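Throughout the sequence shown, residue numbering follows UniProt numbering, covering 1 to 304 in sequence.
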Amino acid sequence: MKLSRKTRETLAFWGFVGPFLIGLAVFAYLPIGWSVYLSFFDARNTVTPSVFVGLDNYAHMLTDGPFLASLGTFSVFALAIVPLTFVLSLALAAGVHQLRFARAFFRSVFFLPFACSYVVASLIWKTSLFSGVRYGLANTVLGLFGADPVAWTGTVDPPLYWIVLVTARLWLQLGFYMILFLAALQRIPGRLYEAAWLDGAKPAWQVFRHITLPQLRATSVAVLLLNLINAYQAFDEFYNIMGDSRGYPPFARPPLVYLYYTSLGSGGQDLGRGSAGAVLLALLIALVTLAQGRLFRFDRGALS
């Protein structure tokens, strides 16, 4: 039986898309749905609970001091990482875009850290660069100036551990956002710059402010949204840099790390409250994302 062209195209479409949709449903949507289901039950040490508790898990998490403190930790991390990533990735993209030679080389060099495992990078930062002993690179440099070794991940006053966490995340993700900005810069028509020069605009700040930045509006919104969401989901670098054999310090505990200890900690597996906290965190991410999108008029032609 000979199939029509439309039928063949439909079968080909589902042949390519079907496996992806099945994987997405099994490994993403099903766990999310089950997590929401668990959040309404007393799910201690079980994933098949039978005791319905309604909104008690949500009420507990909303009044739980450590969970709220972890949200505050995230706020500090986001306030540091989001603007720094935006400014530095845009500066790198602008610099690479201006190169007349070896542009592909520098683009690859800056993007390469993004392919590195967060766990591996975190261990390098903890054991080699910012080790608390005098053999770490940072302490070696300080020793050249006669300074004593610093316990980078254990110093709370001042909170020097933020230097380790922020620099690790910057090194890992700057290249990705640089590529986004670089692609947007390459799409800006050259005639706009020519018109600006003919009108007497200065080739540096005036051109960048009045032509480059407005043309990067859509990419800027995307970078800010993605960066904010990724900051909410920070886990690997916090867990591997700050954690040790004694446990995890509460002063630098982001929400995902706290939910990990709540759901799978040594004190007992409370999957109900952990799931409720995860749902609250997801709702908070969605609300902040929508607010940021509205602030930058994401729904008013930002992608046009």
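Every residue gets a Cβ at the ideal spot worked out from N, C-alpha and C, and that includes glycine. Being a predicted model, the structure only gives us computed values, none of them experimental.
Ala-147 vs Gly-132 beta-carbon contact at 8 angstroms: no
C-alpha gap between Tyr-239 and Ala-183, whole angstroms: 33 angstroms
Coarse secondary structure for Arg-44, derived from DSSP in three states: strand
Euclidean distance between Cα positions of Leu-295 and Leu-144: 47 angstroms
Among Ala-218, Ala-168 and Ala-104, the one whose alpha carbon lies nearest that of Ile-124: Ala-168
Under the three-state DSSP convention, the category Phe-251 falls into: helix
Among Leu-259, Leu-213, Ala-222 and Glu-237, the one whose alpha carbon lies nearest that of Tyr-161: Glu-237
Alpha-carbon to alpha-carbon, Gly-54 and Thr-127: 45 angstroms
Selection from Ser-89, Thr-262 and Ala-28 that minimises the alpha carbon distance to Trp-171: Ser-89
Terminal residues of the alpha helix (DSSP H) in which Thr-85 lies: 65-98
As assigned by DSSP and simplified to three states, the class of Phe-52: strand
Those residues which DSSP pairs with Asp-270 across a bridge: Arg-44
Extent of the continuous alpha helix (DSSP H) to which Ile-211 belongs: No alpha helix (DSSP H) contains Ile-211, which DSSP labels as neither H nor E.
Beta-carbon proximity check, Leu-129 vs Ala-115, cutoff 8 angstroms: no
Whole-angstrom distance between Ser-39 and Asp-56, CA atom to CA atom: 9 angstroms
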